[in-house]
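Step one of this worksheet: look at the structure below.
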Amino acid sequence: MSVDVSGKSLPDLRRIVANHRAQDRTDMPLCRAASDEIERRRGGPLNMWTTLAAIRAAAEKRHFMTTLDVAKANGSTLSQSRVRMAPHLHELMDYAIDRAWPMVTAVVVDAAGVAEGRMTEEALKGFAKSAELRDKFPGGDEAEFLQGEQERVFVWADKERGRDLRA
Numbered sequence: 159m160s161v162d163v164s165g166k167s168l169p170d171l172r173r174i175v176a177n178h179r180a181q182d183r184t185d186m187p188l189c190r191a192a193s194d195e196i197e198r199r200r201g202g203p204l205n206m207w208t209t210l211a212a213i214r215a216a217a218e219k220r221h222f223m224t225t226l227d228v229a230k231a232n233g234s235t236l237s238q239s240r241v242r243m244a245p246h247l248h249e250l251m252d253y254a255i256d257r258a259w260p261m262v263t264a265v266v267v268d269a270a271g272v273a274e275g276r277m278t279e280e281a282l283k284g285f286a287k288s289a290e291l292r293d294k295f296p297g298g299d300e301a302e303f304l305q306g307e308q309e310r311v312f313v314w315a316d317k318e319r320g321r322d323l324r325a
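Throughout the sequence shown, residue numbering follows our numbering, covering 159 to 325 in sequence.
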């Protein structure tokens, strides 16, 4: 059953999603429709569902991705998506945390470290700071924390194989 939320304001759509999340009912058609409409209105070169599917597909194979891979998965170029990339990854992080998933963006690393899953020092500090702001980084060794999250993402991807990630 399709639910038409196209006439709702953005604050109303966000409220619908927040209320469903608070009740752990994000699988309801109204919540999915509101989430999809928010993403449609956001527009731009990056789509949350496309990126989540790409991250899961890579993680199922225990592979890492770069921001170029994220852009390509969305049918975009890095130059078209560069300005939107960091906010997009933060939104994905929040979405994952809301669902008690690991920080799925842990597998999006720098091109130079994609084979081993390494981030540059600056990117690693940014990842740890984002995790800390979300009460997910207890402090300590940032690289060790990243590796732990990456392993959790691999386990998550295997568990979520074939599932609708919007639910």
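All C-beta atoms in this analysis are idealised placements derived from N, C-alpha and C, irrespective of residue type, glycine included.
- Taking the Cα positions, Q308 is about 32 Å away from L188.
- When DSSP reads this structure, V266 sits in a beta bridge with M223.
- The beta-carbon distance between E195 and L171, rounded to whole angstroms, is 6 Å. This is short enough to meet the 8 Å contact definition.
- For M206 and T184, the gap between their C-alpha atoms comes out near 15 Å.
- Excluding its 5 nearest sequence neighbours in each direction, T224 has C-beta neighbours in its own chain below 8 Å: V266, V267, D268, A269, V272, listed in chain order.
- In terms of Cα proximity to K166, the closest of N177, S288, G297, A191 is A191.
- Assignment of E218 by DSSP, reduced to helix, strand and coil, places it in the helix class.
- Per DSSP, Q305 is one residue of the alpha helix (DSSP H) stretching across 300-317.
- Short of 7 Å from the beta carbon of R310, and not among the five residues preceding or following it, lie these beta carbons of its own chain, in chain order: P260.
- The shortest CA-to-CA distance from V175 to any of A231, R257, R242, S239 is the one to R257.
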